[in-house]
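First residue of the sequence shown? That's 2 in the numbering used here, and the numbers climb one at a time after it.
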Amino acid sequence: MIKAAMFDLDGTLLDRDESVKLFIEEQYNRFPQLKGYVTKDMYVKRFIELDNRGYVWKDKVYQQIVYEFSLPEPSWEDLLSDYINEFKNHCLPFPHLIEMLEDLKRNNFKLGIISNGFGQFQIDNINALGIKEYFEVILISEWEGIKKPDPRIFNVALKQLQVSPNEAIFVGDHPENDVKAAQDVGMKGIWKRDAHWEDVEADYIVDGLLEIPLVIQECNRLGEYQISSGK
């Protein structure tokens, strides 16, 4: 019987790709001195390439941008500071995020987030989405000293939620860090489909957040059937 649902943040609850596009376009506008050295389209395009969907931290990204475009100003430190302070103001949720969380809370499921990243930065983004109060457990890799796919961070969340692995699902967009890692500790791994990956093996695959309550219903229905049939 599923009693808890845990989620990745970026690419699962937060539409990071669209949030990044919105942020970087506005960053270009906030620093008018950039216009003398690089077009907005090129600035946006190069940032997204170097960012590599968030897997490259922004100090490296901005140092490379300043180097490639020979920017005398702003400095990479100024651009990084702007990113840290302003990204939260451009966070976009995936459709039906609040509706999905309300559904799960109404049905008394325990909820958690496990996210790789920097602690305060990720908490700021969670607050920007207006969802912090829905979750009993929020674990961020910097603060925990461990990150996905390390099984220890999943086990910490399970312990804090007071559920066993077979009583929990984990929803994420990354095939290894989210889906397989959750499966390896005994949870159901749910893949939120992402165009950057193909042929992902998961217990369930969803296209949108409103499918999550339905997946849990299906898990529990199958569990009840297996118990009643002795399987």
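Cβ atoms here follow ideal geometry from the backbone N, Cα and C, with glycine treated the same way. None of these values were measured; they are calculated from a predicted model.
- G118 is positioned such that its CB atom lies no closer than 8 Å to that of L162.
- Under the DSSP definition of a beta bridge, I132 lacks any partner.
- Nearest to G190 by C-alpha distance, out of G37, P176, I147 and D42, is P176.
- For L51, same chain residues with a beta-carbon under 8 Å away, outside a window of 5 residues either side, are V57, K61, V62, Q65 and I66 in chain order.
- Three or more beta-carbon pairs separated by less than 8 Å are not found between the stretch 144 to 164 and the stretch 127 to 136, which leaves the two stretches without contact.
- The three-state reading of DSSP puts G12 in coil, since its state is none of H, G, I, E or B.
- Ranking D208, D42, D195 and E199 by CA distance to the CA of R17 puts D195 first.
- Distance from the CA of N90 to the CA of A129, rounded to the nearest whole angstrom, comes to 7 Å.
- Separation of V216 and D125 (C-alpha to C-alpha, rounded to the nearest whole angstrom) is 29 Å.
- The alpha-carbon separation between N109 and K4 amounts to approximately 8 Å.
- With a threshold of 16 other beta carbon atoms within 10 Å, Y205 meets it and is buried.
- Here DSSP, grouped into helix, strand and coil, assigns I147 to coil.
- Annotated as distal: P75 and F122, with beta-carbon spacing of 8 Å or more.
- In the structure shown, the three-state DSSP call for F171 is strand.
- For E87, there are no CB contacts under 6 Å within the same chain when 5 residues up- and downstream are skipped.
- Cβ-Cβ distances below 6 Å link D208 to R194 in the same chain, with the five nearest sequence neighbours on each side left out; the list follows chain order.
- Here T13 is buried: its Cβ has 16 or more other Cβ atoms, across all protein chains shown, within 10 Å.
- D9 is a Cβ neighbour of D179, given a cutoff of 8 Å.
- When DSSP assignments are scanned along the stretch 175 to 228, the uninterrupted stretches of beta strand (DSSP E) that are 3 or more residues long and fall wholly within it turn out to be 189 to 193 and 205 to 207.
- Inter-segment contact for the stretch 19 to 27 and the stretch 92 to 111 is present: three or more beta-carbon pairs are separated by less than 8 Å.
- DSSP places L102 outside any beta strand (DSSP E); the residue lies instead in the alpha helix (DSSP H), whose first and last residues are L98 to R107.
- According to DSSP, residue pairing for K41 in a beta bridge does not occur.
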